[in-house]
Amino acid sequence: MTESLTVRDNRTGIEYDVPIVDGTIRASDIGKIKAADPATNEEGPGLAVYDPGFVNTASCRSSVTYIDGDKGILEYRGYPIEQLAESSSFLEVAYLLIHGDLPTKEQFEQWVHEITFHTFVHENIKGFMQGFRYDAHPMGMLMASVGAMSTFYPDASNIMDPDNRHLQVVRMIAKMPTLGAWSFRHAQGKPYVYPDNALSYTENFLSMLFKMSEPRYAADERIIKALDTLFILHADHEQNASANAVRSVGSTQVDPYSAVAAGVGALFGPLHGGANEAVLRMLRRIGSIENVPSFIEGVKAGNERLMGFGHRVYKNYDPRAKLIKKATEDVFEVTGVNPLLKIAQELEKIALEDEYFVKRRLYPNVDFYSGLIYEALQIPPEMFTVLFAIGRTPGWLAQWLELVQDKEQKIARPKQIYTGQRGLSFTPSEQRWA
Ligand SMILES: CC(C)(COP(=O)(O)OP(=O)(O)OC[C@H]1O[C@@H](n2cnc3c(N)ncnc32)[C@H](O)[C@@H]1OP(=O)(O)O)[C@@H](O)C(=O)NCCC(=O)NCCS
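First residue of the sequence shown: 86, per our numbering; consecutive thereafter.
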């Protein structure tokens with residue numbers, strides 16, 4: 086059976102058969118539906134689809150990540166997030182996202198070696214990072230330094246060469262923790278710590294964050310595992326705002342550093358990756374369990390949002406939030422319980438029972454509990470989104486790789502519905518102001 090949609094244009098009485106493929110119709114087929122403009126009687130432009138925020142528009146075919154928001158399912162390349170979080174490592178997940186398959190032992194060792202030996206950045210990057218103000222937000226520093234990498238690796242513009250693409254992918258995954266950690270050290274007024282290639286990816290990141298005068302930084306295994314798991318949980322999330330930013334900028338065929346810098350910018354926003362920072366500030370502001378009911382009333386009255394709740398895609402408990410909630414227990418075993426946890430649990434309990442949230446299907450998302458872990462690790466709120474960005478880098482790059490190899494992709498250029506004036510006559514300023 087051929088699947089199609091019959092559309093009757095009541096302006097003209099003409100019927101159109103629009104093919105349905107993979108549960109979608111092509112916007113270009115809708116564009117074939119035309120009627121005469123009543124004002125001029127000339128054939129008007131084709132019908133377009135109006136979709137602010139791309140709520141119901143597919144922009145690509147992708148085999149990277151699958152989400153079923155109603156059922157709370159998240160899979161990378163077909164593997165359930167729960168299994169990856171439990172038994173894989175961040176670098177293995179990064180390999181999976183980038184290459185599409187799990188690595189053999191040899192492939193994995195080679196991958197880890199490559200990533201480990203690209204962790205250093207050019208000394209001049211350190212120089213310009215030092216030029217930021219003492220209170221510069223680390224996400225601003227990260228965005229700028231990722232973008233600046235395109236000037237250190239001008240060969241990255243050769244995006245049609247697969248070997249070259251691979252090199253930039255390795256460089257970016259490897260250097261992101263270095264840039265992220267240095268932006269943190271800068272804010273702390275502490276010297277930047279160079280990567281230690283004898284350490285694992287996540288342990289090295291912790292070392293670059295916290296090492297002082299000791300010869301080698303040693304982190305608790307449970308902390309390393311928890312942070313590695315958080316990176317896994319953040320590694321990709323299909324066509325979210327920052328992946329879309331990477332794809333949109335990448336569609337101009339610019340180098341991947343410039344495209345990923347756009348992704349970092351998108352992630353910075355409080356409705357996206359900035360939400361975990363906002364959650365922590367919200368919990369601090371609430372201050373104690375007694376204030377939770379009045380805070381919830383304020384949210385219901387529309388005065389503010391319950392940060393860390395709600396999701397464009399998940400209309401069920403975000404599977405990542407479940408796993409993060411579990412990871413909080415491991416971390417708090419080492420660090421002691423974060424007192425804000427009680428407030429978060431109370432908020433969750435009330436919200437999950439309250440009709441306002443139930444009706445709108447608002448559940449905790451990935452950001453609701455992650456900030457509590459980061460804070461327990463002595464990581465300040467302005468760094469939270471940087472950690473998200475480090476975890477998300479393989480996802481952005483997997484999306485970018487898919488984009489540049491997809492023959493159907495074009496430069497991203499949405500349509501608009503023009504609402505302004507037309508055909509005005511310009512009077513030069515000397516006459517207008519006379
Ligand atoms: C994530 C988010 C941007 C998704 O937004 P969206 O899909 O555009 O959903 P909408 O903004 O249309 O929200 C739908 C309804 O739920 C309400 N809502 C959504 N998230 C809410 C929240 N966190 N607190 C209170 N109400 C919320 C909206 O007010 C709206 O109610 P209405 O129908 O009465 O107007 C949104 O849920 C949000 O702002 N959450 C808080 C920020 C956050 O945690 N972001 C991290 C995402 S991983």
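Note that the Cβ used here is the ideal one computed from N, Cα and C, for glycine as well.
All of these numbers come straight from a predicted model, not from anything done at the bench.
Own chain, CB closer than 6 Å to residue i, minus 5 neighbours either side, in chain order
i	result
serine 268	Pro223, Met226 and Leu227
proline 466	Glu362 and Leu365
leucine 488	Arg332, Gly335 and Gln494
glutamate 263	The question names glutamate, but residue 263 is threonine in the sequence shown. For threonine 263, where only same-chain residues beyond five positions count, the Cβ hits under 6 Å are Thr204, Val206 and Pro280.
glycine 138	none
aspartate 246	none
valine 106	none
methionine 468	Pro223 and Phe269
One or two residues paired with residue i in a DSSP bridge
i	result
arginine 93	Glu100
phenylalanine 205	Phenylalanine 205 pairs with nothing; no bridge assigned.
valine 106	Thr109
phenylalanine 394	Pro449
glutamate 121	Position check: residue 121 holds alanine in this sequence, whereas glutamate was assumed. Alanine 121 is bridged to Glu128.
tyrosine 164	Tyr161
Proximal residues to residue i (C-beta, below 8 Å), its chain only, five neighbours per side dropped
i	result
isoleucine 435	Val377, Pro378 and Ile381
arginine 369	Leu425
histidine 207	Phe237
valine 522	Examination of residue 522 is not possible in this model, given that the chain is present from 86 through 519 alone.
serine 211	The identity of residue 211 in the sequence shown is lysine, whereas the question assumes serine. Once the five neighbours on either side are set aside, the close Cβ partners of lysine 211 are Trp267 and Tyr277.
leucine 437	Val443 and Tyr448
tyrosine 402	Gly157, Tyr448 and Pro449
glutamate 460	Leu365, Asn423, Leu425 and Pro466
phenylalanine 290	Pro262, Gly265, Ala266, Leu312 and Ile475
N- and C-terminal bounds of the beta strand (DSSP E) containing residue i
i	result
isoleucine 158	158 to 161
isoleucine 152	150 to 153
Residue range of the alpha helix (DSSP H) that includes residue i
i	result
tyrosine 402	Run containing tyrosine 402: none; DSSP gives neither H nor E here.
isoleucine 200	190 to 201
tyrosine 180	175 to 184
lysine 427	425 to 438
isoleucine 258	247 to 273
glycine 138	Taken as a continuous stretch (DSSP letters only), glycine 138 belongs to no alpha helix (DSSP H), as it is neither H nor E.
leucine 457	452 to 461
proline 223	223 to 237
glycine 350	341 to 353
tyrosine 286	286 to 295
threonine 314	306 to 319
tryptophan 481	469 to 490
isoleucine 381	377 to 385
arginine 517	514 to 517
glycine 335	326 to 335
asparagine 361	360 to 371
Integer Cβ distance of residue i from residue j, believed to fall under 8 Å
i	j	result
phenylalanine 316	phenylalanine 213	That belief does not hold up - the Cβ atoms of phenylalanine 316 and phenylalanine 213 are roughly 26 Å apart, past 8 Å.
glycine 154	lysine 400	5 Å
glutamate 299	threonine 150	No, glutamate 299 and threonine 150 are not in contact; Cβ-Cβ is about 39 Å, not under 8 Å.
isoleucine 428	isoleucine 464	The Cβ separation is near 19 Å, so there is no contact.
alanine 320	tyrosine 161	7 Å
glutamate 167	proline 404	7 Å
isoleucine 458	threonine 413	6 Å
isoleucine 118	glycine 131	6 Å
asparagine 388	serine 144	Between serine 144 and asparagine 388 the Cβ distance is about 34 Å, and since that is not below 8 Å, they are no contact.
valine 416	isoleucine 152	In fact, because the Cβ distance is near 26 Å, the residues do not count as touching under 8 Å.
Cutoff 7 Å; reference residue i; Cβ partners in own chain excluding five residues on either side
i	result
valine 419	Asp305, Arg307 and Ile308
histidine 203	Val255, Arg256, Ala259 and Lys260
isoleucine 502	Tyr135
alanine 121	Glu127, Glu128 and Gly129
serine 242	Asp340
Does the stretch 340 to 357 come within contact of the stretch 504 to 512, defined as at least 3 CB pairs closer than 8 Å? no
Open item on the list: Below 8 Å, how does it come out for the stretch 382 to 397 and the stretch 282 to 289: are there three or more Cβ pairs, yes or no?
Closed with: no
With contact counted as at least three CB pairs below 8 Å, one residue from each stretch, are the stretch 446 to 462 and the stretch 345 to 352 in contact? no
(Q) I want to know whether the stretch 232 to 247 touches the stretch 180 to 195 - three or more CB-CB distances under 8 Å. (A) no
Three CB pairs or more closer than 8 Å across the stretch 431 to 447 and the stretch 470 to 485
no
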